[in-house]
Amino acid sequence: MKLVRFGAGQWGVLEGEMIHETDGPAGNPTGRHFDLGGVTLLAPATPTKIVCVGRNYLDHIKEMGNDAQELPKEPGLFLKGLNTLAHPANPARPDHSGDVVPYPSFTNLLHYEGELAVVIERRMKNVPEAEALDYVLGYTCALDVTARDKQKTDLQWVRAKSADKFCPLGPWLVTSLDPQNTVLRTYVNGELRQEAHTSLMIFSVAQILSYISSFMTLEPGDVVLTGTPEGVGELKRGDHVEVAIEGIGDLHTRIGH
0 MKLVRFGAGQ
10 WGVLEGEMIH
20 ETDGPAGNPT
30 GRHFDLGGVT
40 LLAPATPTKI
50 VCVGRNYLDH
60 IKEMGNDAQE
70 LPKEPGLFLK
80 GLNTLAHPAN
90 PARPDHSGDV
100 VPYPSFTNLL
110 HYEGELAVVI
120 ERRMKNVPEA
130 EALDYVLGYT
140 CALDVTARDK
150 QKTDLQWVRA
160 KSADKFCPLG
170 PWLVTSLDPQ
180 NTVLRTYVNG
190 ELRQEAHTSL
200 MIFSVAQILS
210 YISSFMTLEP
220 GDVVLTGTPE
230 GVGELKRGDH
240 VEVAIEGIGD
250 LHTRIGH
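Number 133 in numbering that gives the first Met the number 0 belongs to position 134 of the sequence shown; there are no gaps in the numbering.
Right, dumping it as structure tokens:
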């Protein structure tokens with residue numbers, strides 16, 4: 000099932016090109032229906048926090064120049080501010096409408112990082128790994144935009160990871176997906192830059208969620224980004240980025256001039 004957030008914050012179930020409105024992200028039908036091409040899509044989450052995992056693919060650890068001789072013992076986490084959430088383009092609209100990610104004046108090295116994102120359905124605290132996926136509302140595509148130069152120079156990654164609209168999300172949630180059995184691809188201006196099977200994650204989605212819940216309560220609507228594979232690289236002003244995950248769909252984002 001595909002869950003979409005659209006318009007003024009409504010939720011609905013997408014079937015073909017028709018949205019059947021519901022009274023919440025996993026709610027009951029309202030009886031109203033909307034054509035996909037006639038609505039504005041919103042990021043399919045209303046989080047209290049966005050938790051991200053770094054260095055969750057071995058080849059990405061290597062390409063960033065970090066020691067890959069010994070795998071991490073536990074997930075490496077950081078946060079992105081709620082101001083980073085950006086709305087997706089509507090795949091049914093040829094003009095790729097959606098939020099444009101500003102290219103900040105403080106950086107000269109903006110990078111893309113395509114990722115699988117998880118949205119939480121119900122409060123999650125001290126949940127064992129075997130039960131963790133039962134707390135997931137759905138899965139979607141994410142673009143972790145990063146000011147790479149500031150990631151290297153600043154004490155914390157606040158500017159590097161949390162500038163406005165640095166977390167495009169969408170286009171919708173898919174509720175039935177094996178998160179360790181899909182393929183993630185990132186394209187820049189139509190050129191394939193990243194491609195990896197999610198089975199290559201060092202820490203599985205279930206492990207990540209259980210680990211986070213051991214010290215931080217995850218609330219309904221919270222977003223967890225699960226790490227990016229090898230192939231990250233530079234973005235230029237005006238670039239078009241597409242994060243495509245098999246079984247979910249395509250997230251289209253444009254970088255501002």
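Here a beta-carbon is modelled for each residue, glycine too, at the ideal position from N, C-alpha and C.
Start and end of the alpha helix (DSSP H) containing residue 152? It spans 147-152 - the alpha helix (DSSP H) in which residue 152 sits, taken as one unbroken run.
Whose CA, out of 75, 131, 217, lies closest to the CA of residue 227? It is 75 whose Cα lies nearest to the Cα of residue 227.
Please determine, among 197, 73, 160, 120, the residue with the shortest C-alpha to C-alpha distance to residue 243. Closest by alpha carbon: 197.
Identify, in the order they occur along the chain, each residue of the same chain with its Cβ nearer than 7 angstroms to the Cβ of residue 237, setting aside the five sequence neighbours on each side. The answer, listed in chain order, is 254, 256.
Alpha carbon to alpha carbon, how far is residue 284 from residue 149? The structure shown does not extend to residue 284, since the chain spans only 0 to 256, so no value can be given for it.
Counting only runs that start and end within the segment 18-68, where is the alpha helix (DSSP H) found for 4 or more residues in a row? Counting whole runs of 4 or more residues, the segment 18-68 contains the alpha helix (DSSP H) stretches 57-62.
N- and C-terminal bounds of the beta strand (DSSP E) containing residue 244: 239-244 is the span of the beta strand (DSSP E), which, as asked, contains residue 244.
Simplified DSSP state of residue 139, which is helix, strand or coil: Residue 139 falls in the strand class under three-state DSSP.
Looking at C-alpha atoms only, which residue of 138, 14, 13 is the closest neighbour of residue 222? When only C-alpha atoms are compared, the closest one is 138.
Applying the criterion that 16 or more other CB atoms from any shown protein chain within 10 Å of the CB defines a buried residue, is residue 79 buried or exposed? Around the beta carbon of residue 79, 16 or more other beta carbons lie within 10 angstroms, which makes this residue buried.
With DSSP run on the structure shown, which of helix, strand or coil describes residue 117? Strand at residue 117.
Distance, Cα to Cα, residue 111 vs residue 100? So the two alpha carbons sit approximately 11 angstroms from each other.
Label residue 213 either buried or exposed according to how many other C-beta atoms from any shown protein chain fall within 10 Å of its C-beta, with 16 as the threshold for buried. Residue burial annotation: residue 213 is exposed, with fewer than 16 other C-beta atoms found within 10 angstroms of its C-beta.
For residue 96, I'd like the list of residues in its chain whose CB is within less than 6 angstroms of its CB, leaving aside the five on either flank, ordered along the chain. Excluding sequence neighbours, residue 96 sits near 88, 89.
Would DSSP call residue 206 helix, strand or coil? Taken through DSSP and simplified to helix, strand or coil, residue 206 comes out as helix.
Skipping 5 residues on each side, what residues in its chain have a beta carbon closer than 7 angstroms to that of residue 125? The answer, listed in chain order, is 212, 213.
Under the three-state reduction of DSSP, which class applies to residue 158: helix, strand or coil? In this structure, residue 158 counts as helix in the three-state DSSP scheme.
What do you get for residue 82, buried or exposed, if any count of 16 or more other CB atoms within 10 angstroms of its CB means buried? That one is exposed.
List the DSSP bridge partners of residue 167. Answer is 85.
Out of curiosity, what's the CA-to-CA distance linking residue 63 and residue 247? Those two C-alpha atoms are separated by around 28 angstroms.
Using only the alpha-carbon positions, how far apart do residue 92 and residue 17 sit? In this model, residue 92 and residue 17 are separated by some 14 angstroms (Cα to Cα).
From the DSSP output, read off the bridge partner residues of residue 5. BP columns for residue 5 point to 9, 40.
List the endpoints of the continuous beta strand (DSSP E) containing residue 221. Per DSSP, residue 221 is not a residue of any beta strand (DSSP E), being assigned neither H nor E.
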